[in-house]
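Engineer: Going down the list, the sequences are from chains R and U. Under our numbering, the first residue of the first sequence carries the number 35, and numbering increases by one thereafter. Under our numbering, the first residue of the second sequence carries the number 3, and numbering increases by one thereafter. Beta carbons: idealized from backbone N, C-alpha and C, even for Gly. Bear in mind that the values here come from a model prediction, so they are computed numbers and not experimental data.
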Amino acid sequence: DAGVIQSPRHEVTEMGQEVTLRCKPISGHNSLFWYRQTMMRGLELLIYFNNNVPIDDSGMPEDRFSAKMPNASFSTLKIQPSEPRDSAVYFCASNGGVFNIQYFGAGTRLSVL
Amino acid sequence: SQQGEEDPQALSIQEGENATMNCSYKTSINNLQWYRQNSGRGLVHLILIRSNEREKHSGRLRVTLDTSKKSSSLLITASRAADTASYFCATAPYGNNRLAFGKGNQVVVIP
Numbered sequence: 035d036a037g038v039i040q041s042p043r044h045e046v047t048e049m050g051q052e053v054t055l056r057c058k059p060i061s062g063h064n065s066l067f068w069y070r071q072t073m074m075r076g077l078e079l080l081i082y083f084n085n086n087v088p089i090d091d092s093g094m095p096e097d098r099f100s101a102k103m104p105n106a107s108f109s110t111l112k113i114q115p116s117e118p119r120d121s122a123v124y125f126c127a128s129n130g131g132v133f134n135i136q137y138f139g140a141g142t143r144l145s146v147l
Numbered sequence: 003s004q005q006g007e008e009d010p011q012a013l014s015i016q017e018g019e020n021a022t023m024n025c026s027y028k029t030s031i032n033n034l035q036w037y038r039q040n041s042g043r044g045l046v047h048l049i050l051i052r053s054n055e056r057e058k059h060s061g062r063l064r065v066t067l068d069t070s071k072k073s074s075s076l077l078i079t080a081s082r083a084a085d086t087a088s089y090f091c092a093t094a095p096y097g098n099n100r101l102a103f104g105k106g107n108q109v110v111v112i113p
């Protein structure tokens, strides 16, 4: 398996633009997690899905953030409109259910100018 | 809510030395895990210790867990330059499959 795949790896955009981050979890994993990592705040859980259903979105910072998982092999995290303070590395991780071990993608480094 | 919290000190050691980092947490856990993050990469699972275990080894890694003190330690023996990374502990509660990550502990191994 190729592991968790995220795209794009880097995104540079201007304030006010819409940003869409994509994630393909490991095949067969039934849980998917979106995290944001910054120097100031560390690793923050934004939202997670079990069997494509959002379970906990309490970490989503504002209504500008939304996430979907239309099927077991794809998820998106959208920011609309983006702001400079959204600049961070966004990680997707999936979990196959055994001991809650999570497998992380390489991340998307987002810069909002 | 429970959260793994590592000792915040950054660690700088010479190659060949041992590196030890600690983690504390607040509530009951099912297991505790350690992850490594190399610069610019995602987190990678290293080792897991269950709540009924006290010590576990994997290669040059040794993890201990003291549930009475709600603390864990990760020991890396005979460190190598490639061990330079940030190390995170994460606690897994009973009843759901999310993890609570600590803030990470940066380790620099000098060749």
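By the three-class DSSP mapping on this structure, what secondary structure does D120 (chain R) have?
Structural biologist: helix
Engineer: How close, in whole Å, do the beta carbons of S145 (chain R) and V46 (chain R) come, if the pair is a contact with beta carbons under 8 Å?
Structural biologist: 5 Å
Engineer: Leaving aside the five residues before and after G50 (chain R) along the sequence, list all residues of the same chain whose C-beta is less than 6 Å from its C-beta, in chain order.
Structural biologist: P115
Engineer: May I have the straight-line CA-CA distance separating S107 (chain R) from Q136 (chain R), to the nearest angstrom?
Structural biologist: 16 Å
Engineer: Which residue comes first and which comes last in the beta strand (DSSP E) that contains K102 (chain R)?
Structural biologist: 99-105
Engineer: Could you give the DSSP three-state label for D90 (chain R): helix, strand or coil?
Structural biologist: strand
Engineer: Are the CB atoms of A94 (chain U) and N134 (chain R) nearer to each other than 9 Å?
Structural biologist: Cβ distance < 9 Å, so A94 (chain U) and N134 (chain R) count as in contact.
Engineer: Taking 9 Å as the cut-off, decide whether the C-beta atoms of R56 (chain R) and Q71 (chain R) are in contact.
Structural biologist: no
Engineer: Tell me whether the beta-carbon of I81 (chain R) lies closer than 9 Å to the beta-carbon of D97 (chain R).
Structural biologist: no
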